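A.B. asks: Quick one: structure below, then a few questions.
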Amino acid sequence: MSTAILTGQPVPGSSIEGDLRSLGFDVRVAADAADAERLVAEAPCEQRVALVDARFVGHVHALRLGLTDPRFPLAAVPGAVTAQPEGRVTLTRALARDNSAGGGTALAVDSLPDRIVTALADDGAEVYRPELGSLVAAVPADPQARNEARQAVADVDDEAVRLKSAVKSRDGFFTTHFISPYSRYLARWCARRGLTPNQVTTASLITALIAAACAATGTRGGFIAAGVLLIASFVLDCTDGQLARYSLQYSTLGAWLDATFDRAKEYAYYAGLALGAARGGDDVWALALGAMVLQTCRHVVDFSFNEANHDATANTSPTAALSDKLDSVGWTVWVRRMIVLPIGERWAMIAVLTAATTPRITFYALLIGCAFAATYTTAGRVLRSLTRKARRTDRAAQALADLADNGPLAGLLSRVARAPLGAPFLVALAGTAVLAVALFSDVTWAPVAGAVVYAIAAAQALYRPLKGALDWLVPPLFRAAEYGTVLILAATADVNGALPAAFGLVAAVAYHHYDTVYRIRGNAGAPPAWLVRAIGGHEGRTLLVTVLAALLTASQFTVALTVLAVAVALLVLVESIRFWVSAGAPAVHDEGEPA
Numbered sequence: 013m014s015t016a017i018l019t020g021q022p023v024p025g026s027s028i029e030g031d032l033r034s035l036g037f038d039v040r041v042a043a044d045a046a047d048a049e050r051l052v053a054e055a056p057c058e059q060r061v062a063l064v065d066a067r068f069v070g071h072v073h074a075l076r077l078g079l080t081d082p083r084f085p086l087a088a089v090p091g092a093v094t095a096q097p098e099g100r101v102t103l104t105r106a107l108a109r110d111n112s113a114g115g116g117t118a119l120a121v122d123s124l125p126d127r128i129v130t131a132l133a134d135d136g137a138e139v140y141r142p143e144l145g146s147l148v149a150a151v152p153a154d155p156q157a158r159n160e161a162r163q164a165v166a167d168v169d170d171e172a173v174r175l176k177s178a179v180k181s182r183d184g185f186f187t188t189h190f191i192s193p194y195s196r197y198l199a200r201w202c203a204r205r206g207l208t209p210n211q212v213t214t215a216s217l218i219t220a221l222i223a224a225a226c227a228a229t230g231t232r233g234g235f236i237a238a239g240v241l242l243i244a245s246f247v248l249d250c251t252d253g254q255l256a257r258y259s260l261q262y263s264t265l266g267a268w269l270d271a272t273f274d275r276a277k278e279y280a281y282y283a284g285l286a287l288g289a290a291r292g293g294d295d296v297w298a299l300a301l302g303a304m305v306l307q308t309c310r311h312v313v314d315f316s317f318n319e320a321n322h323d324a325t326a327n328t329s330p331t332a333a334l335s336d337k338l339d340s341v342g343w344t345v346w347v348r349r350m351i352v353l354p355i356g357e358r359w360a361m362i363a364v365l366t367a368a369t370t371p372r373i374t375f376y377a378l379l380i381g382c383a384f385a386a387t388y389t390t391a392g393r394v395l396r397s398l399t400r401k402a403r404r405t406d407r408a409a410q411a412l413a414d415l416a417d418n419g420p421l422a423g424l425l426s427r428v429a430r431a432p433l434g435a436p437f438l439v440a441l442a443g444t445a446v447l448a449v450a451l452f453s454d455v456t457w458a459p460v461a462g463a464v465v466y467a468i469a470a471a472q473a474l475y476r477p478l479k480g481a482l483d484w485l486v487p488p489l490f491r492a493a494e495y496g497t498v499l500i501l502a503a504t505a506d507v508n509g510a511l512p513a514a515f516g517l518v519a520a521v522a523y524h525h526y527d528t529v530y531r532i533r534g535n536a537g538a539p540p541a542w543l544v545r546a547i548g549g550h551e552g553r554t555l556l557v558t559v560l561a562a563l564l565t566a567s568q569f570t571v572a573l574t575v576l577a578v579a580v581a582l583l584v585l586v587e588s589i590r591f592w593v594s595a596g597a598p599a600v601h602d603e604g605e606p607a
């Protein structure tokens with residue numbers, strides 16, 4: 013249980029003690045500032061501690077936002093300040109300094125929590141102050157001000173505000189207008205029954221896997237059930253985040269599960285559709301794998317561009333200014349959000365087409381829609397990059413290098429060839445183009461030669477820091493090259509099982525790349541070097557797959573892809589799970605709707 017220490021003169025009839033207890037605080041009363049310092053020191057070190065002015069008037073949800081959010085070591089609202097265990101030393105130091113300066117003599121007049129917040133700011137400590145909006149949080153100085161504050165509290169329904177704020181401020185059209193109007197109430201229902209966001213996230217995954225199993229039956233009834241369950245899974249997917257915001261149940265594990273399960277659900281559903289089509293005599297595994305490759309590459313474009321530019325200086329361009337201007341016009345906002353086919357629109361389209369048409373038509377529509385969205389977003393970002401005068405930081409360059417996922421072979425080649433061959437983006441583009449031409453050659457060993465050139469290009473592309481205007485495209489090029497190699501070689505093997513095995517391998521490698529993204533977002537750096545070496549890096553895996561395709565028969569190649577998929581999956585999953593459940597894992601909170 014957390015500890016709340018009331019300071020200042022008590023007010024008859026105040027509900028502050030009851031409000032704090034309803035939020036899970038054990039309430040103590042301090043006679044003066046020195047007593048408050050003593051009570052803070054006596055509180056168990058592993059607990060949160062809060063200082064609250066006894067004259068506080070405000071909504072319970074204002075206190076909840078200011079005092080219970082687990083993401084911030086120090087937080088405050090007017091009349092209250094709180095510290096988690098990692099912020100206790102800073103809070104205690106500010107309290108001691110306030111007492112030594114004679115602050116205790118002003119306790120009856122001034123607000124001790126507000127003085128402490130000022131002292132923390134003077135120390136350079138980062139104190140989170142939530143946006144309260146229409147919520148009230150105040151320490152009235154006289155009876156008239158108290159009455160006015162109480163009237164302001166009565167005029168605003170904090171439960172309505174809490175429910176509204178549970179929904180993301182920026183979401184897709186389908187999610188905003190067809191899911192959130194009722195999923196927020198489902199989130200509240202879950203909160204009142206003690207359910208956690210992680211439980212809802214798991215329920216969403218299970219529902220999506222059942223949907224995939226229904227699609228795998230290959231029957232019309234199974235397809236209809238799959239479409240309905242996919243929408244139900246998406247409703248739960250929205251609910252878990254709304255539940256986290258409604259009840260402030262944020263956690264590192266929850267953020268990771270939410271991000272990871274979204275991809276697992278969608279790609280498992282692709283596999284279910286492919287299995288269902290196969291039962292009906294239609295082989296669409298190439299389309300399913302193509303959809304996964306395209307969707308993953310779209311995400312890498314998003315991640316790379318954002319990492320390259322989020323802390324760049326002089327980061328302006330005419331294209332960005334036009335985009336901001338369009339965002340000020342209501343209808344263009346929704347059109348621009350819809351044409352990038354975000355997860356809500358995409359899943360709705362997949363669900364409807366699954367129920368009403370065939371898996372082949374569903375994949376055709378998905379590939380066309382995602383290709384258009386990828387072209388639109390990538391073209392816009394290229395224009396921004398070419399017209400802006402951004403200076404990228406060393407951190408951004410390192411993030412792009414980590415996203416590139418070069419392995420030991422590229423490292424060796426970079427040490428052998430010590431002179432850069434050209435701009436990183438152009439080198440990566442040339443290497444990818446050579447590999448693509450080789451893959452479509454009828455010569456057996458041409459793909460191997462192309463993969464060797466590609467490995468050299470991968471080494472050269474990262475010879476210098478990725479700070480060029482278009483260097484953020486290097487990781488997406490590498491993803492397209494590696495995934496495309498597996499897809500093309502499996503398709504040309506023309507044997508049952510090759511494409512499903514390739515699907516499994518790309519899924520395992522894609523998981524590793526998503527895991528890298530979320531570690532970087534949490535400022536935890538790339539996965540450990542031993543893992544990157546063990547799974548070969550993108551250039552090593554590409555070369556290995558081309559060699560296997562040249563040496564083995566089609567059936568043997570299928571077995572080799574399967575073994576490789578299992579090995580990569582085991583390595584990346586074990587290390588990823590170990591990292592994300594550890595105490596040192598970063599908190600990743602993505603409030604934007606992923607593409």
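Numbered according to the working numbering, the sequence shown spans residues 13 to 607.
From the three backbone atoms N, C-alpha and C, an ideal C-beta is built for every residue, glycine too.
This structure is a prediction, so every number in the text was calculated from the model and none was measured.
Does the stretch 120-140 touch the stretch 154-171, meaning 3 or more C-beta pairs lie closer than 8 Å?
C.D. replies: no
A.B. asks: Would you call the CB atoms of V89 and A157 closer than 8 Å?
C.D. replies: No. Outside cutoff.
A.B. asks: Would you be able to state if there are at least three C-beta pairs under 8 Å between the stretch 204-218 and the stretch 245-257?
C.D. replies: yes
A.B. asks: What residues match up with T19 in a beta bridge as DSSP calls it?
C.D. replies: Residue pairing by DSSP places T19 opposite D65 in a beta bridge.
A.B. asks: For the candidate residues A411, G266 and V578, whose alpha-carbon lies nearest to that of T214?
C.D. replies: G266
A.B. asks: In chain order, which beta strand (DSSP E) runs of at least 3 residues are fully inside the stretch 84-130?
C.D. replies: Runs of the beta strand (DSSP E) lying entirely within the stretch 84-130, each at least 3 residues long, are 86-89 and 92-95 in chain order.
A.B. asks: What is the C-beta distance between A473 and P436, in whole angstroms, given that I count them as a contact (C-beta under 8 Å)?
C.D. replies: Indeed, because the Cβ distance is near 5 Å, the residues count as touching under 8 Å.
A.B. asks: Considering just the uninterrupted stretch of the beta strand (DSSP E) at V41, what are its terminal residues?
C.D. replies: Its beta strand (DSSP E) spans residues F37 to V41.
A.B. asks: Grouping DSSP H, G and I as helix and E and B as strand, with all else coil, what is Y140?
C.D. replies: strand
A.B. asks: Since I believe M304 is in contact with A514 (beta carbons under 8 Å), could you give me their beta-carbon distance rounded to a whole number of angstroms?
C.D. replies: Their Cβ separation, rounded to whole angstroms, is 10 Å, which puts A514 and M304 out of contact at 8 Å.
A.B. asks: Apart from the five residues just before and just after A228, which ones in its own chain have a Cβ nearer than 6 Å to its Cβ?
C.D. replies: G284, L287 and G288
A.B. asks: Near T390, which residues of its chain fall below 6 Å by C-beta distance, leaving aside the five closest residues on each side in sequence?
C.D. replies: V313
A.B. asks: Give me the residue from G552, R533 and L517 with the minimum Cα distance to A579.
C.D. replies: L517
A.B. asks: Would you call the CB atoms of I355 and D274 closer than 8 Å?
C.D. replies: yes
A.B. asks: Please report the straight-line C-alpha distance between A16 and F37, rounded to a whole angstrom.
C.D. replies: One C-alpha to the other measures close to 6 Å.
A.B. asks: Can you round the beta-carbon distance between V593 and D527 to whole angstroms, since I take them to be within the 8 Å contact cut?
C.D. replies: Rounded, the Cβ-Cβ distance is 13 Å, inconsistent with contact.
A.B. asks: Assuming D183 and S216 are in contact, meaning their beta carbons sit under 8 Å apart, how far apart are those beta carbons, in whole angstroms?
C.D. replies: No, D183 and S216 are not in contact; Cβ-Cβ is about 16 Å, not under 8 Å.
A.B. asks: Buried or exposed: F322, going by 16 or more other Cβ atoms within 10 Å of its Cβ?
C.D. replies: One point to set straight first is that residue 322 is His, not Phe, in the sequence displayed. Label assigned to H322: exposed.
A.B. asks: When the distance is taken between beta carbons, is V41 closer than 8 Å to L18?
C.D. replies: yes
A.B. asks: Using the rule of at least 16 other Cβ atoms within 10 Å of the residue's Cβ for burial, across every protein chain shown, is K277 buried or exposed?
C.D. replies: buried
A.B. asks: Flag this pair as yes or no: are the beta carbons of L144 and T80 separated by less than 8 Å?
C.D. replies: Going by C-beta atoms, L144 is not nearer than 8 Å to T80.
A.B. asks: In three-state DSSP terms, what is A203?
C.D. replies: helix
A.B. asks: If we ignore side chains and look at the alpha-carbon of each, how far apart do I28 and A244 end up?
C.D. replies: Each residue's alpha carbon lies about 40 Å from the other.
A.B. asks: Report the partner residues of G4 according to the DSSP bridge assignment.
C.D. replies: What is shown of the chain runs 13 to 607, which leaves residue 4 out entirely.
A.B. asks: Out of T344, R127 and L365, which one is the CA nearest neighbour of T94?
C.D. replies: R127
A.B. asks: Spell out the partners DSSP gives S14 in its beta bridges.
C.D. replies: F37
A.B. asks: Between which residues of its own chain and A469 is the CB-CB distance below 7 Å, once the five residues before and five after are set aside?
C.D. replies: V439, A440, A442 and G443
A.B. asks: Relative to the C-alpha of Q410, which residue among V498, R531 and L301 is closest?
C.D. replies: R531
A.B. asks: By a C-beta neighbour count over all protein chains shown, 10 Å radius and 16 as the cutoff for buried, is C309 buried or exposed?
C.D. replies: buried
A.B. asks: Could you say which of A45, A87, E494 and A481 lies nearest to A113 if we only look at CA atoms?
C.D. replies: A45
A.B. asks: Using beta-carbon positions only, say whether A562 and A510 come within less than 8 Å of one another.
C.D. replies: no
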